[in-house]
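Remarks on the structure that follows.
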Amino acid sequence: MSHLAALVLAAGQSRRMASPLSKVLHPVAGRPLLHYSIAAARAAGATRVVVVTSARDRDLIEQYLLGAFGAELIRIRVQDPPRGTGDAARAGLEALPDAGRVLILYGDVPLIQDTDVSRLAACSADPHQLGLGTCRLRDPRGYGRILRDASGQVVGIIEQRDLKDASQAAIDEINTGLLSVDAGALRSALAGLRTDNAQGEYYLTDIVPWFAQRGGVHTVELSEDAVTGVNDRVQLCAAQDRMFARIAQRHRMAGCSIATGAYIDDAVQLGKDVTVMAGAHLRGQTHVGDGSVIDVGCVLDDARIGPGVTLLPYSVVSESEVGPGCQLGPFTHVRPKSVLEAEVKLGNFVETKATRLRRGAKANHLSYLGDGDVGENSNIGAGTIFCNYDGFAKHKTIIGKDVFIGSDSQLIAPVTVGDGAYVATASSVTEDVPPDALAIGRSKQSNKPGYASRLKARLKAEAQKSGKGH
Ligand code: UD1
Ligand code: MG
């Protein structure tokens with residue numbers, strides 16, 4: 050079988066985005082929108098994808114694509130200046146062998162479906178025949194219209210700005226931009242292009258007559274998704290909404306309960322029977338294990354959530370691991386490099402950063418646990434702070450297993466608390482605590498009997514004297 054290649058055209062200027070960032074790098078459901086055309090080409094069997102970019106965007110686009118798809122698949126070619134889609138195809142062809150089937154796609158149609166691209170890829174093997182992706186639109190304005198002769202054969206494409214009369218304008222069969230063509234034939238056809246059109250550009254669509262006179266044009270009617278492009282931020286938002294809806298549907302079909310209004314990025318993986326409630330955002334390379342529940346408003350960024358986990362409302366997990374059976378929230382904040390082993394419980398307003406909590410450890414209320422290691426089944430009382438930062442460097446707090454840290458304690462790192470130790474409530478722990486020891490790090494209380502009413506009377510008199518009393 051001969052190899053299939055793809056050309057993805059993405060060198061347009063995209064001024065309507067009004068952005069310093071290349072249009073095709075704007076995210077749609079967590080991936081740059083260019084990603085989707087390339088993924089669809091790969092799914093259709095392309096083993097080489099040449100992406101045509103502007104000189105300005107080249108480096109960022111190359112960096113992303115090599116990371117996401119690898120150097121085996123991706124080649125970058127620059128088109129500078131952009132002189133039309135025909136000129137862009139010519140620039141891209143430089144990176145391809147002389148013959149063989151080539152798919153041509155645009156880089157700004159993120160909703161494109163794998164099945165559409167695959168159907169086009171399979172439509173013809175005749176080097177002199179052009180495969181042309183078309184679509185019928187109720188409102189064809191803005192698109193190139195397909196021209197057919199009396200016998201129904203495609204003879205050309207006319208661009209919106211070059212329309213000659215109302216009957217051409219009324220044609221509802223349009224060019225999606227998706228083509229399947231032989232590389233050698235394309236080279237020959239491109240050599241004949243001229244710029245005598247309304248935009249003074251080399252139109253890729255002008256290759257159609259070359260093929261019409263030889264092997265003909267084989268049209269494949271595609272879904273509207275193949276043509277739903279992104280040119281401005283309104284369309285970007287609409288495309289992203291469609292993409293989120295499609296992703297949610299995919300997970301529902303696979304047996305997960307995804308509420309309307311949950312946002313799940315394309316790269317996120319869900320196990321079986323996962324529940325995601327409204328307002329939850331699952332981003333990046335997040336993975337959620339079987340049977341876990343992600344409640345309302347949770348935000349997960351590159352998080353690995355094990356099976357049987359419950360994240361109660363408004364919990365945030367970033368670049369961290371949450372093991373099987375853990376329960377977090379509401380309002381727990383797990384910051385990068387945290388590792389929660391199995392059955393850890395963190396409650397409201399507990400923040401962790403670069404901290405490991407081992408099996409069964411708990412911190413149920415109002416704590417900051419930074420740069421720490423908490424042993425199995427240890428309990429961190431309400432209001433505990435790991436004081437990890439002295440203004441210059443970070444230090445570690447190591448807590449053994451079965452330790453009890455009383456509420457409102459500060460562990461002033463570097464510090465170690467041995468297995469089975471007990472830290473009394475409201476302690477400032479500045480020295481290591483040996484295993485099984487009781488540490489009390491607070492000033493002793495003294496009671497002065499009958500002193501309260503005397504103190505109040507004195508304070509009241511002073512306030513009246515200074516005119517501030519009431
Ligand atoms: C193009 C087609 C039109 C079709 C429509 C579908 C041509 C002449 N017209 O029109 O028939 O109905 O798409 O959306 O092909 N690009 C480059 N270099 C350039 C110009 C464009 O790489 O010099 C890239 C753009 O980044 C984009 C794609 O080619 O990804 C299409 O360019 P665009 O300007 O949007 O073409 P349209 O005028 O919409
Ligand atoms: Mg366009």
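Just so we're aligned: the sequence shown equals residues 50 to 519 in my numbering.
Ideal Cβ positions, reconstructed from N, Cα and C, are used throughout, including at glycine.
Any idea what DSSP makes of residue i, helix, strand or coil?
i: Arg170; result: Per the sequence shown, the amino acid found at residue 170 is Ala instead of Arg. Helix.
i: Arg353; result: strand
i: Gln459; result: strand
i: Val257; result: helix
i: Gln202; result: coil
i: Phe435; result: strand
i: Thr479; result: coil
i: Ala488; result: strand
i: Thr359; result: strand
i: Val73; result: helix
i: Ile296; result: helix
i: Glu511; result: helix
i: Arg405; result: strand
i: Asp221; result: coil
i: Cys375; result: coil
For residue i and residue j, I'd like the C-alpha separation in whole angstroms.
i: Pro258; j: Ala138; result: 17 Å
i: Val549; j: Ile434; result: Examination of residue 549 is not possible in this model, given that the chain is present from 50 through 519 alone.
i: Asn496; j: Ser502; result: 14 Å
i: Gln62; j: Lys213; result: 27 Å
i: Pro189; j: Cys347; result: 42 Å
i: Arg407; j: Asp322; result: 26 Å
i: Val230; j: Ile153; result: 8 Å
i: Gly338; j: Arg65; result: 41 Å
i: Gly241; j: Asp136; result: 12 Å
i: Pro379; j: His414; result: 10 Å
i: Met292; j: Val345; result: 21 Å
i: Lys443; j: Asn437; result: 5 Å
i: Arg132; j: Glu250; result: 5 Å
i: Ala54; j: Gly193; result: 25 Å
i: Ala215; j: Leu181; result: 24 Å
i: Asp422; j: Val399; result: 15 Å
i: Arg491; j: Pro484; result: 20 Å
i: Pro81; j: Lys72; result: 9 Å
i: Arg405; j: Ile429; result: 13 Å
i: Leu360; j: Lys394; result: 10 Å
i: Asn426; j: Ala410; result: 4 Å
i: Ala329; j: Ile343; result: 7 Å
i: Thr446; j: Tyr85; result: 45 Å
i: Ala238; j: Phe260; result: 8 Å
i: Ala294; j: Cys305; result: 14 Å
i: Gly449; j: Ala78; result: 42 Å
i: Arg243; j: Arg168; result: 31 Å
i: Ala60; j: Gly226; result: 14 Å
i: Cys172; j: Val279; result: 27 Å
i: Ile296; j: Ile307; result: 10 Å
i: Ser456; j: Ala431; result: 5 Å
Does the beta-carbon of residue i have 16 or more other beta-carbons within 10 angstroms, so that it is buried, or is it exposed?
i: Glu143; result: exposed
i: Val283; result: exposed
i: Leu389; result: buried
i: Glu121; result: exposed
i: Met50; result: Summary for Met50: the model assigns pLDDT 48, below 50, so the residue's position carries little reliability, and this model does not support an answer.
i: Glu392; result: buried
i: Arg332; result: buried
i: Gln262; result: exposed
i: His52; result: exposed
i: Ser341; result: buried
i: Thr309; result: exposed
i: Ile489; result: exposed
i: Ala104; result: exposed
i: Tyr500; result: exposed
i: Thr96; result: exposed
i: Leu504; result: exposed
i: Leu70; result: exposed
i: Ala303; result: exposed
i: Asp245; result: exposed
i: Lys493; result: exposed
i: Leu253; result: buried
i: Arg185; result: exposed
i: Gln248; result: exposed
i: Ala89; result: buried
i: Lys514; result: exposed
Is residue i a contact residue of the ligand HEM, with contact defined as CB to any heavy atom under 6 Å?
i: Gly278; result: You won't find the ligand HEM in this model; what it holds is the ligand UD1 and the ligand MG.
task = Please determine if the region 463–471 and the region 498–517 are in contact, where contact requires at least 3 C-beta pairs separated by less than 8 Å.
result = no
The region 273–292 touching the region 147–162, judged by at least three CB pairs closer than 8 Å = Between the region 273–292 and the region 147–162, the count of C-beta pairs closer than 8 Å reaches three or more; the two stretches touch.
ask   = Between the region 305–318 and the region 200–220, are three or more C-beta pairs nearer than 8 Å?
value = no
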